[in-house]
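Going line by line, the protein sequences match chains A and B. So the first sequence is numbered by the numbering used here: it starts at 1 and just counts up by one. So the second sequence is numbered by the numbering used here: it starts at 1 and just counts up by one. Glycine included, every Cβ here is placed at the ideal spot set by N, Cα and C. Here's the structure, in structure tokens; my notes come after.
Number of protein chains: 2
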Amino acid sequence: MRIGELGKATGVDRETIRYYERTGMLPAAARLANGYRAYGAVHLERLAFIRHCRALDMPLVDVRLLLDFLDRPRNDCADVNRLIDAQLVRVRARLKSMRALGRQLEQLRGRCNAKHATTDCGILHELVAAAQGEARTCHGDAATAPIGMKGARKTR
Amino acid sequence: MRIGELGKATGVDRETIRYYERTGMLPAAARLANGYRAYGAVHLERLAFIRHCRALDMPLVDVRLLLDFLDRPRNDCADVNRLIDAQLVRVRARLKSMRALGRQLEQLRGRCNAKHATTDCGILHELVAAAQGEARTCHGDAATAPIGMKGARKTR
DNA sequence: TGAAAACCCTGTAGCGACTCCAATGTCAAG
DNA sequence: CTTGACATTGGAGTCGCTACAGGGTTTTCA
Numbered sequence: 001m002r003i004g005e006l007g008k009a010t011g012v013d014r015e016t017i018r019y020y021e022r023t024g025m026l027p028a029a030a031r032l033a034n035g036y037r038a039y040g041a042v043h044l045e046r047l048a049f050i051r052h053c054r055a056l057d058m059p060l061v062d063v064r065l066l067l068d069f070l071d072r073p074r075n076d077c078a079d080v081n082r083l084i085d086a087q088l089v090r091v092r093a094r095l096k097s098m099r100a101l102g103r104q105l106e107q108l109r110g111r112c113n114a115k116h117a118t119t120d121c122g123i124l125h126e127l128v129a130a131a132q133g134e135a136r137t138c139h140g141d142a143a144t145a146p147i148g149m150k151g152a153r154k155t156r
Numbered sequence: 001m002r003i004g005e006l007g008k009a010t011g012v013d014r015e016t017i018r019y020y021e022r023t024g025m026l027p028a029a030a031r032l033a034n035g036y037r038a039y040g041a042v043h044l045e046r047l048a049f050i051r052h053c054r055a056l057d058m059p060l061v062d063v064r065l066l067l068d069f070l071d072r073p074r075n076d077c078a079d080v081n082r083l084i085d086a087q088l089v090r091v092r093a094r095l096k097s098m099r100a101l102g103r104q105l106e107q108l109r110g111r112c113n114a115k116h117a118t119t120d121c122g123i124l125h126e127l128v129a130a131a132q133g134e135a136r137t138c139h140g141d142a143a144t145a146p147i148g149m150k151g152a153r154k155t156r
């Protein structure tokens with residue numbers, strides 16, 4: 001199998017495959033007489049594994065760890081569990097913030113349903129107002145003070 | 001206001017502020033006699049606006065567009081709407097795939113509740129099997145969504 | 001007064017996970 | 001024999017920061 005075929009079989013870009021090889025996630029492929037990479041079933045399996053993990057949004061460092069578990073089995077898989085748990089935590093956290101994000105955007109979108117001058121655009125007004133509110137409420141009193149303030153630092 | 005104060009007021013790292021200036025999102029600050037940047041209310045507002053948009057997960061290109069609308073108002077805000085709509089579409093799509101992701105990971109996690117040898121780890125087995133199934137089914141079909149969701153922001 | 005801490009400057013390099021490009025080589029079809 | 005699809009390499013670019021290195025300035029405290 002040449003790189004293009006492997007790419008088609010797994011839905012992975014050729015450049016990405018070479019990148020995985022460069023970074024040691026895929027073993028270096030054998031070469032044909034003309035220098036082209038020659039792949040076998042092993043590569044296909046491994047690449048599919050990587051992509052599946054990536055589809056689960058795991059960072060490559062974690063995928064590398066899992067690959068290592070496959071390559072050199074241990075007599076304790078607790079680390080695998082930990083890894084999946086951590087991933088789950090990440091995903092759940094992002095899910096939560098994404099939901100809030102969606103709500104905010106929907107609200108924002110509702111502010112402007114017609115075309116008019118940008119000076120009257122409810123969305124822009126809302127964005128500006130919200131930003132001002134945040135600067136005032138979220139990060140201390142410095143925001144409200146006029147320009148020339150000196151001293152009065154707070155520890156971060 | 002010097003850069004540190006602005007940073008504290010908005011919760012933005014100094015390096016990030018300088019980065020925004022370098023990339024033209026913030027106008028170049030005036031300088032004090034010693035070369036330190038001097039910021040005023042305008043900068044604070046603008047920076048808060050940028051951060052609010054970023055909190056809505058908008059890419060900086062879009063934020064730049066919005067800033068441009070603020071700087072040079074048009075007599076048509078349809079582009080603003082389009083921009084927000086696009087962002088909403090992005091967020092909804094990600095939300096959906098995140099939900100699926102969470103379910104998959106939960107299922108995966110359920111495969112292994114105890115410590116044992118990695119050769120017997122249900123999670124690893126499941127991952128390998130799922131990957132193989134995918135490689136088989138997606139043969140030649142380019143219908144799979146791209147994996148890299150790099151808009152994934154960590155909260156500050 | 002002097003030292004230490006905290007702040008600021010510029011410029012450059014690094015991150016993750018690709019993605020794109022140029023310049024070149026190889027091979028099958030028409 | 002040319003065209004086009006495929007392959008190779010090395011290097012640079014992407015996004016949105018973040019982290020130095022190596023200097024200068026200001027504030028604080030003993």
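Inset, instruction - Would you tell me roughly how many angstroms separate the C-alpha atoms of R111/B and G11/A, rounded to the nearest one? - result: Rounded to whole angstroms, the separation of the alpha carbons of G11/A and R111/B is 27 Å.
Legend entry - CA-to-CA distance, R51/B to L65/B, given in whole angstroms: 14 Å
Legend entry - Alpha-carbon to alpha-carbon, T118/B and R74/A: 5 Å
Legend entry - Beta carbon of L47/A nearer than 8 Å to that of D62/A: no
Inset, instruction - Given a cut-off of 8 Å, decide if L105/A and E126/A are closer than it, judged by their beta-carbon atoms. - result: no
Legend entry - Neighbouring residues, chain A, relative to T16/B (Cβ below 8 Å): Under the 8 Å cutoff, chain A gives no residues; its nearest Cβ is about 14 Å from T16/B.
Legend entry - Three-way DSSP call (helix, strand, coil) for R99/A in this model: helix
Legend entry - Top-ranked residue by Cα proximity to N113/B, from S97/A, R103/A and D76/A: When C-alpha distances from N113/B are compared across S97/A, R103/A and D76/A, the shortest belongs to D76/A.
Legend entry - CB contact below 8 Å: T205/A versus chain B: This structure cannot speak to residue 205/A, because chain A is shown only from 1 to 156.
Legend entry - R31/A - DSSP class collapsed to helix/strand/coil: When DSSP states are grouped into helix, strand and coil, R31/A belongs to the strand group.
Legend entry - Residue of A38/B, Y19/B and L56/B minimising C-alpha distance to E5/B: A38/B
Legend entry - Per-residue burial, A130/A [other beta carbons within 10 Å of its own, 16 or more giving buried]: buried
Inset, instruction - Just the chain A side, please: which residues come within less than 9 Å of Q107/B by C-beta, in chain order? - result: Neighbours of Q107/B on chain A: none; closest Cβ ~10 Å, over 9 Å.
Inset, instruction - Along the alpha helix (DSSP H) that carries V63/A, what are the first and last residues, could you check? - result: Element bounds for V63/A: L60 to D71.
Legend entry - Rounded straight-line distance, which links the Cα of A41/A to that of A30/A: 13 Å
Legend entry - Beta-carbon spacing of L124/A, V80/B below 8 Å: yes
Legend entry - Pairwise C-alpha distance: P59/A and F69/B: Each residue's alpha carbon lies about 37 Å from the other.
Inset, instruction - Would you kindly check if the distance between the Cβ of H43/A and the Cβ of L32/A is under 8 Å? - result: no
Legend entry - Sub-8 Å separation of K115/B and A78/A beta-carbons: yes
Inset, instruction - Consult DSSP for A38/A and reduce its assignment to one of helix, strand or coil. - result: In the structure shown, A38/A falls within a strand segment according to DSSP collapsed to helix, strand and coil.
Inset, instruction - Can you tell me which of the three DSSP states G12/B falls into? - result: Strictly speaking, residue 12/B in this sequence is Val, with Gly absent from that position. Reduced to three states, the DSSP call for V12/B is coil.
Legend entry - Option in N34/B, D85/B, C121/B and L101/B with minimal Cα separation from D57/B: D85/B
Inset, instruction - Mind checking the stretch 112-137 of chain B against chain A and listing, in chain order, the residues whose C-beta falls within less than 7 Å of any C-beta there? - result: C112, K115, H116, A117, T118, T119, C121, I123, L124, L127, V128, A130, A131, Q132, E134 and A135
Inset, instruction - Give a yes or no on whether the C-beta atoms belonging to R2/B and Y36/B are separated by under 8 Å. - result: For R2/B and Y36/B, yes; Cβs fall inside 8 Å.
Legend entry - Beta-carbon contacts of C53/A that lie in its chain and below 8 Å, excluding the five residues immediately before and after: Once the five neighbours on either side are set aside, the close Cβ partners of C53/A are D62, V63 and L66.
Legend entry - Burial state of R22/B, where buried means 16 or more other Cβ atoms lie within 10 Å: exposed
Legend entry - Cα-Cα separation between L101/A and T16/B, rounded to whole angstroms: 22 Å
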